[in-house]
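Residue numbers (this note's numbering): 7 to 166.
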């Protein structure tokens, strides 16, 4: 499998003086879902893991660097930006030395359900895989407990 670098995530999500409105395309979630199902059908769950881990190392490199430099505050800022832009329901707090993100309304699953997209059998597993790749690159760890049918999850992040 060949992984091709694409534009870094941070370059498209944040507002700039030239682009005061963030670039958010919720239909991306539907395309991702179809892509993940294709990868799983063609290459199995290990193929999905390999693809997403490599993608995370490229696309989320700015976030990895920020996490390494600023710690959990970087993830707090990241998740707040994402969920506020996409209209997700969430709560976030620090519990000892662990950042806990409780998603009560996943914007990706909600958008796909509202627009009739097929949702990959293991769609939410991409969150675990990408989080792990980002965290490992920065010396952190993560866990995700999700209920895909409810569109909710609890994500935890801590320093290794």
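For each residue, glycine too, the CB sits at the ideal point set by N, CA and C.
In this structure, the CA atom of residue 166 is about 15 Å from the CA atom of residue 81. Three or more Cβ pairs closer than 8 Å define a contact, and the segment 127 to 144 meets that threshold against the segment 66 to 73. Residue 149 is bridged by DSSP to 162. Pairing residue 160 with residue 108 gives a Cβ-Cβ distance under 8 Å. In the DSSP annotation of this structure, the continuous segment of the beta strand (DSSP E) that includes residue 95 starts and ends at 95 to 101. Taking one beta carbon from each stretch, the segment 36 to 45 and the segment 117 to 134 have 3 or more pairs nearer than 8 Å; the two touch. Under DSSP, residue 81 takes part in no beta bridge, so it has no partner. Nearest C-alpha to residue 114 among 131, 98, 128 and 94: 94.
The criterion of a C-beta distance shorter than 8 Å is not satisfied by residue 153 and residue 43.
Proximity to residue 140 across 55, 62, 50 and 54 peaks at 62, based on C-alpha coordinates. Secondary structure note for residue 130: it is in no alpha helix (DSSP H), with a DSSP letter that is neither H nor E.
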